[in-house]
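Just so you know, the numbering used here puts 1159 at position 238 of the sequence shown, and the rest follows in order with no gaps. Ideal Cβ placement from N, Cα and C applies to all residues, glycine included. Fair warning: this is a prediction, and the values are worked out from it, not measured in the lab.
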Amino acid sequence: MWKKIVFGVALVISIAAGFGVAKVQSTMNTSLNHITRDKDNVLKDVNLDGIHVNSDDKIVNILLIGYDLRKENGKDFGGLTDVMMIATLDKKHNTIKLTSLMRDTLVRIASNNEDMKLNAAYARGGVKNMYKTIAKNFNIKLDGYAMVGFKAFQQVVDKIGGVEAELTESETNYLKDTNYVHGAKNRKKLKVGKQTLNGAQALGYVRIRSDKNRLGVPVKTANGLTDDYGRTWRQRTLMSAIFKKMKTLSLSELIAVANKVFDNVKTDLDNDTILGYIKDVAMMGTTDVCQLQIPMNGYYRDGHQAEFPNSDGWSLVPTNGVSSAYDTSANAAAIKQFVFQYNGKGEFKYKSSSSSSSR
């Protein structure tokens, strides 16, 4: 997502400033070469035989994976992913969309056919298994992936001069009482209300997950969300704010951001493909990002290890919104409607169907 944001805005600014497209493309290629290419995990090569997936030639879906590389001493395989999103470039409706996939969502893992949390898919087969698991449970075709280390997120926020966010009293107190924000000085400067967060503060903010602080007070977002729903809302909201902030930067500033951040990005996409997406984003001329979270409110229930022995504790069990049975069909249908049919105008509302079948 970062590479698309950086270069989409860079292209618009550079053309407006009188730079030649050829020169811009050359500069983009140089920066893109900082990205690690993953030739062993190309999503278009994943065998999806027997799995129905929805797709559209005018809609591009990229899997975004946020990963704390520090957990594995720099190694990026064998751990659990902290952030999973689908970034959609909808050329049919000229919109950019972002779908958060809750990491504790119970799904059928493709590699072992067991019911486990979604973030376990990466540890049990890497990116390809994660894609196959998403396809198996939510019926969506992905066109590539980008893995971004948390270090890159922190760097991009610092490079653009910080990003604005609105912190509630419960969020502020929680961040001051925990070590989510690295550095005592960074924690001390946090306050209630709108403020500009630096990289360390922003990273701590988007990682808040607990639903209560040490005193038992609910940790709520500005719109009243808690736990993982609040966490993914913070992630999507801050990414949208970063996107808008970047359009105020000069070309040289954007390139500086890219050169710094791309050392911490891995993708299966080549330069030509990325540049094509950049041009598409530039032609859209939009900075608004439409958002969806899965599972949706009203279409999940709490699950426990006694019921799902392989879930490693508490999980979010998708339902069809009518019964409490484990059923991913309604959430899969919502993704289809949001990604392929929603035109970006007004609030997205899922239209349920009585024909939704159970697992």
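Cβ-Cβ separation, residue j to residue i (assumed contact under 8 Å), whole Å
i, j, result
"Val1310", "Ala1073", "No answer is possible for residue 1310: the residues shown for the chain start at 922 and end at 1280."
"Lys1062", "Val974", "4 Å"
"Lys1018", "Phe1259", "7 Å"
"Met1037", "Ser1232", "6 Å"
"Met949", "Leu1159", "Not quite, the Cβ-Cβ distance comes to about 25 Å (not below 8 Å), so this is no contact."
"Met1068", "Tyr988", "6 Å"
Residue i: first and last residue of the uninterrupted beta strand (DSSP E) it sits in
i, result
"Glu1092", "Premise fails: Glu1092 lies in the alpha helix (DSSP H), Glu1090 to Asp1098, not in any beta strand (DSSP E)."
"Tyr1198", "Segment Asn1192 to Met1205 is the alpha helix (DSSP H) holding Tyr1198; no beta strand (DSSP E) there."
"Ile1007", "Val1004 to Asp1011"
"Ile1215", "Val1210 to Ile1215"
"Lys1018", "Thr1016 to Leu1022"
"Val1186", "Val1186 to Thr1188"
"Asn982", "Ile980 to Tyr988"
Residue i: first and last residue of the uninterrupted alpha helix (DSSP H) it sits in
i, result
"Thr1153", "Asp1148 to Met1167"
"Asn1050", "Gly1047 to Phe1059"
"Tyr1066", "No alpha helix (DSSP H) holds Tyr1066; the beta strand (DSSP E) holding it covers Gly1065 to Gly1070."
"Ser1250", "Ser1250 to Lys1257"
"Asn1107", "Ala1105 to Lys1109"
"Lys1181", "Leu1172 to Val1182"
"Tyr1126", "Gly1120 to Arg1128"
"Tyr1221", "Counting along the chain, Tyr1221 falls outside any alpha helix (DSSP H), though it belongs to the beta strand (DSSP E) covering Tyr1221 to Gly1224."
"Tyr1043", "Ala1041 to Ala1044"
Buried or exposed (CB count within 10 angstroms, at least 16 for buried), residue i
i, result
"Asp1184", "exposed"
"Gly995", "For Gly995, the pLDDT reaches just 46, beneath the cut-off of 50, and the residue's location in the model is therefore unreliable, leaving the point undetermined."
"Pro1239", "buried"
"Trp1154", "buried"
"Gln1156", "buried"
"Leu1136", "exposed"
"Glu1268", "exposed"
"Gly999", "The pLDDT assigned to Gly999 is 42, lower than 50, so where the model puts this residue is not dependable; a value taken from the coordinates is nonetheless given after this. Exposed: under 16 other Cβ atoms inside 10 Å."
"Gln1230", "The question names Gln, yet the displayed sequence has Pro at residue 1230. By the 10 Å Cβ count, Pro1230 comes out exposed."
"Thr1105", "What sits at residue 1105 in the sequence shown is Ala, not Thr. Label assigned to Ala1105: exposed."
"Met1204", "exposed"
"Ser1244", "exposed"
"Asn1218", "exposed"
"Ser1250", "buried"
"Asp978", "exposed"
"Gln1212", "buried"
"Ala1041", "buried"
"Asn1144", "exposed"
"Glu1092", "buried"
"Ala1227", "exposed"
"Ala1008", "buried"
Test: residue i CB closer than 8 Å to a CB of chain D
i, result
"Glu1035", "Within the model displayed, chain D is absent; a lone protein chain is all it includes."
DSSP three-state assignment for residue i, whether helix, strand or coil
i, result
"Ser1245", "coil"
"Ser952", "helix"
"Gly1114", "strand"
"Asp1036", "strand"
"Asp1233", "coil"
"Ala1143", "coil"
"Ala1073", "helix"
"Val1028", "strand"
"Asp1079", "helix"
"Asp1132", "coil"
"Val1238", "strand"
"Asp961", "coil"
"Asp970", "coil"
"Val1260", "helix"
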